[in-house]
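One structure is given here, and the rest of the page talks about it.
2 protein chains.
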Amino acid sequence: MNGIRDWRDVRALIRQRILDREIAPGEQFPRDADIAAELGCARSTVHRAMRSLADDGIVERRRRGGTRLRPLPSRNATLHIPIHRLDIEGRGWRYEHALLSRRQQRSPREVTQRLRLPRAEPCLHVRALHLADGRPWLYENRWISLVTVPEILDVDLTTTSANEWLVQHRPYDDCVLAFEAVNADTETAEALGIDTGCAVLVTERSTWIDGSPITSVRTVAAPGYRLEAEVS
Amino acid sequence: MNGIRDWRDVRALIRQRILDREIAPGEQFPRDADIAAELGCARSTVHRAMRSLADDGIVERRRRGGTRLRPLPSRNATLHIPIHRLDIEGRGWRYEHALLSRRQQRSPREVTQRLRLPRAEPCLHVRALHLADGRPWLYENRWISLVTVPEILDVDLTTTSANEWLVQHRPYDDCVLAFEAVNADTETAEALGIDTGCAVLVTERSTWIDGSPITSVRTVAAPGYRLEAEVS
DNA sequence: TAGTGGTCTAGACCACTAA
DNA sequence: TAGTGGTCTAGACCACTAA
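This is how it looks when you write it as structure tokens:
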């Protein structure tokens, strides 16, 4: 017996062959069918293992072209995007949410662009703070489209965070997500209780449903925040 | 006919039912077998669609417990980790690499910890710069374990970047990856040709093979760098 | 302990694309 | 155009775990 019980075993075996340099970068693997015959399992089991390796960015598969080890592996990592409340509570801290401002306003140029709109649209502009054990954790600057989500005007944002309300009532089918490092401006520094110019991690997220914009939000994490990713 | 040709069609249909709020957050879906019967396809096709939704963090599946819509969707995003040279060339710029320093040195406390070592280990300490069209793009501060990778001493790091050599010659099976925003210190600012205190995005990555440390690297991107992620 | 989802198998047909 | 991988199907058995 070769001890293969599972597609995971097949994947582990192929990974081992890669680590042992039996396959050079850029080189082809045998056909799935041949590997299956060699290991004495079904082709679909090998296929399952190879697809997993392809998802991780380790091999490249092409119909007729076969499977090859990626010459320069550009591996993929997974980010788990948390709900801030659950993230904070998960670390054992008390979560609080504070509404700083709430105002109807047409989208400024930058937000109009982020939401891929041809022109400015009526929005609800919300600024809020998420706190962990009373300390500012995340400053949120959010624009919500009143064309797509007019009901947001009836929500009491002092008790429910806009984020959680949207997540539960407004599913999206398209999302753009980006991170960058920025020096805190006066407004942000004041909100987070830090010095102006302090380096902070900014997250920008915009979401759509059926092509209609839901919200564009820019969050600024308090200094020291680390974003961790998981690599296959 | 219901127009189902593919597991992707099944996934699209289930997604649509979620968007249409036919299933409330936290609520159960019918059993795979029942959905399959309803759609007139095999159970394995529904399984394939549901697994994809589970991978994206949209539904939760449990044996005997069935499939439910996640109450508070913590969705997953994918980061494609590039080779810096390919990233820069992909943007249409000329890539250059400059070795700033190269020195045998025992790992300092911080690196020892990052590499999960019980005590300091002999390392090769390398500082290098990746340039795009002659402009500093990424400053790299790397420690390579000489216990695991003694061959690195024979590599000419002025012509090959340590990153590319390692990627091609030293596969890893474990990787830790994190990002944070930091104010550039004098050394970093000088290397990147920016002002001290400027906010920069720092990436920390450490890799292992069979539990032995390969390398721990801290890269600092030039200001303006955006990290983009893909959401299902 | 009973009822889910997880996986495997063998065979079939198809879509894509290297040659 | 011929040879890969992609997908589907029906049936089987199993692992896990809610009840």
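So the sequence lines, in the order shown, correspond to chains F and P. With the numbering used here, letter number 100 in the first sequence gets 100, and the count goes up by one each step, no holes. To get the numbering used here, take the position in the second sequence, counting from 1, and add 232. Backbone N, C-alpha and C define an ideal beta-carbon position, used for all residues, glycine too.
Exercise. Compare the C-beta of P445 of chain P with all C-beta atoms of chain F and state if any pair is closer than 9 Å.
Key: no
Quiz item: Mind listing which residues of the region 396 to 418 of chain P have their C-beta closer than 7 Å to chain F's C-betas, in chain order?
Solution: V399, Q400, P403, D405, C407, L409, A410, F411, E412, A413, V414 and N415
Quiz item: Counting along the chain, where does the alpha helix (DSSP H) carrying G197 of chain F start and finish?
Solution: It is not in any alpha helix (DSSP H) - G197 of chain F carries neither H nor E in the DSSP assignment.
Quiz item: Based on the DSSP output, what are the partners of I441 of chain P in its beta bridges?
Solution: P:S444
Quiz item: Which whole runs of the beta strand (DSSP E) in the region 125 to 183 of chain F are 3 residues long or more, in chain order?
Solution: 135 to 145 and 174 to 183
Quiz item: To the nearest whole angstrom, what separates the beta carbons of T219 of chain F and L138 of chain F, a pair I think is in contact under 8 Å?
Solution: 5 Å
Exercise. Give the straight-line distance between the Cα atoms of A384 of chain P and L378 of chain P, rounded to the nearest whole angstrom.
Key: Checking the sequence, you will find Ile at residue 384 of chain P rather than Ala. C-alpha separation (whole angstroms): 8 Å.
Quiz item: Going straight from the alpha carbon of W7 of chain F to that of R64 of chain F, what length do you get?
Solution: 23 Å
Quiz item: What is the rounded straight-line gap between the Cα of M50 of chain F and the Cα of R31 of chain F?
Solution: 11 Å
Quiz item: How about V200 of chain F: is its C-beta nearer than 9 Å to some C-beta of chain P?
Solution: yes
Quiz item: How would you label T203 of chain F, buried or exposed, when you count the other beta carbons within 10 angstroms and need 16 or more for buried?
Solution: buried
Exercise. Spell out whether any CB of chain P is found under 9 Å from the CB atom of V231 of chain F.
Key: yes
Quiz item: Which residues of chain F have a Cβ atom closer than 7 Å to the Cβ of A421 of chain P, listed in chain order?
Solution: Result: empty, since nearest Cβ-Cβ is about 12 Å, beyond 7 Å.
Quiz item: Should the region 351 to 368 of chain P be regarded as contacting the region 322 to 330 of chain P, the criterion being three or more beta carbon pairs within less than 8 Å?
Solution: yes
Quiz prompt | Inter-residue Cα distance where the pair is A229 of chain F and T158 of chain F | solution = 32 Å
Quiz item: In the DSSP assignment, what residue or residues form a beta bridge with N76 of chain F?
Solution: P:H312
Quiz prompt | C-beta contact flag for N308 of chain P and H84 of chain F at 9 Å | solution = no
Quiz item: Looking only at C-alpha atoms, which of P:Q345, P:R346, P:A352 and P:H329 sits nearest to S339 of chain P?
Solution: P:A352
Quiz prompt | For S464 of chain P, the three-state DSSP class (helix, strand or coil) | solution = coil
Quiz item: Which whole-angstrom value is the C-beta distance of L72 of chain F and A413 of chain P, which I expect to be below 8 Å?
Solution: 28 Å between Cβ atoms; not a contact.
Self-check item: Neighbourhood of R127 of chain F by C-beta distance below 6 Å, restricted to the same chain and skipping five residues each side
Solution: L100, S101 and N141
Exercise. Within the same chain, show all residues whose beta-carbon is closer than 7 Å to that of W375 of chain P, passing over the 5 residues directly before and after it, in chain order.
Key: S339, V343, C355, H357, T447 and S448
Quiz item: From P:G235, P:I236, P:A423 and P:R458, pick the residue whose C-alpha is nearest to that of A330 of chain P; which is it?
Solution: P:A423
Exercise. Have a look at G197 of chain F and T188 of chain F and give me their C-alpha separation to the nearest angstrom.
Key: 10 Å
Quiz prompt | S333 of chain P - DSSP class collapsed to helix/strand/coil | solution = strand
Quiz item: alpha helix (DSSP H) containing L301 of chain P: first to last residue?
Solution: Taken as a continuous stretch (DSSP letters only), L301 of chain P belongs to no alpha helix (DSSP H), being part of the beta strand (DSSP E) at G298 to L301.
Self-check item: Spatial distance of A19 of chain F from Y404 of chain P (CA atoms)
Solution: Checking the sequence shown, residue 19 of chain F turns out to be Leu, not Ala. The straight-line gap from Cα to Cα measures roughly 8 Å.
Quiz item: At a Cβ threshold of 9 Å, is Y371 of chain P touching chain F?
Solution: no
Exercise. State yes or no: is the beta carbon of Y457 of chain P nearer than 9 Å to at least one beta carbon in chain F?
Key: yes
Quiz item: What separation, rounded to the nearest whole angstrom, lies between the Cα atoms of R114 of chain F and R348 of chain P?
Solution: 41 Å
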